[in-house]
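Q: Would you mind keeping the following structure in view while I ask a few things?
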Amino acid sequence: MSGAAVTCDGSRAMATEPPFNQLCCAKVRLSRTCHERKSATLPFMCGIVGYVGSRPALQIVLDGLRRLEYRGYDSAGVAVVDDNVILTEKRAGKLANLEKALGERAGDGIASGSTAIGHTRWATHGGPTDRNAHPHLSADGRVAVIHNGIIENFGRLRAELEATGVEFISDTDTECAAHLLAAEVRALREAGSELAGPQLLAEGMRRTVNRLEGAFTLLATDVAVPGAVVAARRNSPLVVGRGEGENFLASDVSAFIEHTREAIELGQDQIVLITPGAIEITDFAGADATGKEFHIDWDASAAEKGGYDYFMLKEIAEQPQAIADTLLGRLSERGEIVLDEVRLTDQDLRDVDKVFIIACGTAYHAGMVAKYAIEHWNRIPCEVELASEFRYRDPVLDRSTLVIAISQSGETMDTLMALRHAKEQKARVLAICNTNGSTIPRESDAVLYTHGGPEIAVASTKAFLTQLVACYLIGLHLAQIRGVMYADEVAAVVDRLRRTPDDLRDLLGQMEDVRALARDLRTASTVLFIGRHVGFPVALEGALKLKELAYMHAEGFAAGELKHGPIALIDEGTPVVCVVPSPAGRGVLRDKVVSNIQEVRARGARTIVIAEEGDNAVASYADHLISVPRTPTLLAPLMTTVPLQILACEIAAARGHDVDQPRNLAKSVTVE
Ligand code: M6R
């Protein structure tokens, strides 16, 4: 079979000609130090797309990558199989760089081939260069591979391959997989395997993944097998989209939602082979396997900006609907709260004597709010832990511990590892997640999905509010099953929750002053946030948003802690955002925060006060007053967080930053 590879600089190499042999003889290019350093690192969390069908694949893959760019945007690349040629293009930087490079190339079939794979990368190590961008070609140019994850035994494999004369072009572990796959396919062919075409490629992939350790999703195309993409998954996400005469692969469904809403979630350690007319799933041992079929109940427009300047603004605006959707159908006719998947008995929940919440970032802040609600309603201890710290301090867990893992993506590695630690200790695990079929809910004993729809902006907004709603529901569910709340009490809280979307719509309609304030604050060097009780996590969340989007120094404090140190930060004009509890709740709490506002004002702070409508007394302490609708104390974060999201978004925009893709971050943090 004849074939050729065209690299990112547009050069073309015939697959039957000798690049492999030439490379065998060439001297190893990377130094040992670089090699060792690389093998000790955790490299990627990336977006992956694959397509086979009869349409030009390039545009379909690029559109998919655009939707996945939130997963990483350090570099991007594609490989298209056309007429026994693999054509690749890859560029450091955002997808736009790749598109520009593609636009400058013409007439070589890259735009017309109907089999393609594409990748968008987030690197934690190894420069985000053209050379390290995916796809990676095997030395003989026959196969192209893209990868999300970490090949942990990369160092050993690389040394083995180098001993056979393979010269590595990049600093990545992925390149190993490309060389191995080509070698396995070649070995099968040379051994006279009865397999041919796509089946031969799938068998090569099976042999390859059986040599890999670590976490990976791999997608590969072979120059000799146009019309097929093979993929493998271990500890890294991969879904299949089933089309009519065409099929898709992607890290998440948003990549192919405009083409099909029928999807299959792959299980752990599975290989999938897609051709235009078939989807074949097997396990790593070669036995037939099945994935879990599901219908995607949101559409392509949900993954587009819909007229907003940024996804983040769109997602902020979607919050009322996201809350309403998360509440939909949660109360059964008998007044009981309904979770999505429950592999726990009521007795298991009655036996719970301690709750741990594990999460990261914004989800951790949701957990902090949940602690107040769960303890208040259930009178059982509830601890909130950063997932990245949880397992290292050897927490005391047993069968009667309920661990609640909160994650928008369902793939956050810190949370996943903490969850696995909890399961090893026999604790019950309940997930709150926004991503159907992702790893965290799959490995949990029960799941409550937040029906927030896709969250594309890196900064979490609607995920946070829907996580809060989910936490409230779980707190109520536990209280009901444990017999500490009556059904009508639970229904009253749910009823109040159901009114929050309307309140939130009103609030969102009154954010013009916050926007003006944001423009004014864009040059501040520090912004501080204070709150008490559930207002404390809101303060932390406000500060996190500002840090990640505006790259400003921002800190959140428990208001009572100010006088124990942080108050020294306050200088003339320092902006301090103060989250004031409802005067209708525990009055003493609100009065204490008002005292704290006076303390910071006395030291020159410029106060931005978020308080409940009708709390007129607070106005005299506020340089800027932001009023939010009246809400019961425990539910107040559903309102008070929103102005802080808008403040951060608008300050970032005023400072000229990329609001949806802040520097150094990725949406799904699949490394520890
Ligand atoms: O997908 P997860 O909810 O598990 O993600 C957790 C954090 O990485 C995430 O909330 C992060 O802090 C956000 N970028 C904050 O806006």
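Numbering (my numbering), first residue to last: 30 to 701.
Just so it is clear, CB atoms sit at the ideal spot from N, CA and C, and this is done for glycine as well.
Return the bridge partner residues of Cys411 from the DSSP annotation.
A: Secondary-structure assignment with DSSP links Cys411 through a beta bridge to Val384.
Q: With H, G and I counted as helix, E and B as strand and the rest as coil, what does DSSP make of His593?
A: helix
Q: State the Cα-Cα distance for the pair Asp159 and Glu189, rounded to the nearest angstrom.
A: 25 Å
Q: Report the option in Tyr337, Arg534, Asn177, Leu497 whose CA atom is closest to the CA atom of Thr479.
A: Leu497
Q: DSSP state of Phe197, grouped into three classes?
A: coil
Q: Under 8 Å, do Val195 and His176 count as touching if we go by C-beta distance?
A: no
Q: For Ser361, which residues of its own chain have a beta-carbon under 7 Å away from its beta-carbon, when the five flanking residues on both sides are left out?
A: So the qualifying residues of the chain are Val367.
Q: Per DSSP, what are the beta-bridge partners of Arg150 in this structure?
A: Ser104
Q: For Cys678, tell me which candidate among Met341, Glu484, Leu87 has the shortest Cα-Cα distance.
A: Nearest C-alpha to Cys678: Met341.
Q: Closer than 7 Å to a non-hydrogen atom of ligand 1 - does that hold for the CB of Gly390?
A: yes
Q: Taking just the CA atoms, how far does Asp427 sit from Cys389?
A: 23 Å
Q: Does ligand 3 have even one heavy atom less than 7 Å from the beta-carbon of Thr441?
A: Ligands displayed in this structure: ligand 1; ligand 3 is not among them.
Q: Taking 7 Å as the line, does the beta carbon of Glu577 fall inside it for any heavy atom of ligand 1?
A: yes
Q: Which residue spans inside the region 457-514 form an unbroken beta strand (DSSP E) run of at least 3?
A: 457-462, 475-478
Q: Can we say the region 686-699 touches the region 551-568, given the rule of at least three CB pairs closer than 8 Å?
A: No, because fewer than three Cβ pairs between the region 686-699 and the region 551-568 fall closer than 8 Å, the two stretches do not touch.
Q: Would Ser283 and Arg511 be called neighbours here (beta carbons separated by less than 8 Å)?
A: no
Q: What distance in whole Å lies between the Cβ atoms of Ala447 and Ala416, which are believed to be in contact at a cut-off of 8 Å?
A: 4 Å
Q: Return yes when the C-beta of Ala488 is under 7 Å from any heavy atom of ligand 1, and no when it is not.
A: yes
Q: Taking buried to mean at least 16 other C-beta atoms within 10 Å of its own C-beta, is Tyr80 buried or exposed?
A: buried
Q: Taking just the CA atoms, how far does Ile352 sit from Gln297?
A: About 31 Å.
Q: Based on the DSSP secondary-structure assignment, which residues constitute the bridge partners of Arg271?
A: Asn276
Q: Run the CB neighbour count on Pro530, radius 10 Å, all protein chains shown included, and call it buried at 16 or more, exposed below.
A: Buried, because 16 or more other Cβ atoms sit within 10 Å of the Cβ of Pro530.
Q: Going by alpha carbons, who is nearest to Leu425 out of Gly439, Ser436, Val384?
A: Position check: residue 425 holds Val in this sequence, whereas Leu was assumed. Nearest C-alpha to Val425: Val384.
Q: Tell me the start and end of each unbroken beta strand (DSSP E) in the region 324-360 that is at least 3 residues and wholly inside, in chain order.
A: none
Q: Within 10 angstroms of the Cβ of Cys54, are there 16 or more other Cβ atoms? Answer buried if so, exposed if not.
A: For Cys54, the pLDDT reaches just 25, beneath the cut-off of 50, and the residue's location in the model is therefore unreliable, leaving the point undetermined.
Q: What first and last residue would you give for the beta strand (DSSP E) that runs through Phe586?
A: Phe586 -> beta strand (DSSP E) spans 582-587.
Q: What is the rounded straight-line gap between the Cα of Thr153 and the Cα of Phe313?
A: Because the pLDDT at Thr153 is just 48, under 50, the model does not fix this residue reliably, and the point stays unresolved.
Q: Assuming Thr444 is part of the beta strand (DSSP E), what are its boundary residues?
A: Premise fails: Thr444 lies in the alpha helix (DSSP H), 442-453, not in any beta strand (DSSP E).
Q: Per DSSP, what kind of secondary structure is Pro227 in: helix, strand or coil?
A: Note: Pro227 maps to helix in three-state DSSP.
Q: With respect to the alpha helix (DSSP H) encompassing Ser554, which residues constitute its N-terminal and C-terminal limits?
A: Unbroken run through Ser554: none, as it is neither H nor E.
Q: Is it the case that the Cβ atoms of Ala108 and Ala211 are separated by a distance below 8 Å?
A: Taking 8 Å as the Cβ cut-off, Ala108 and Ala211 do not qualify as a contacting pair.
Q: Within 7 Å: the Cβ of Leu694 and any heavy atom of ligand 1?
A: yes
Q: Report the CB separation of Glu570 from Leu673 in whole angstroms; it is logged as a contact under 8 Å.
A: About 7 Å; that satisfies the 8 Å criterion.
Q: For Gly233, name the three-state secondary structure that DSSP assigns.
A: helix
Q: Any heavy atom of ligand 1 closer than 7 Å to the beta-carbon of Gln720?
A: Given that the chain is displayed from residue 30 to residue 701, the structure contains no residue 720 and the question cannot be resolved.
Q: Cβ of Val556 within 7 Å of any heavy atom in ligand 1?
A: no
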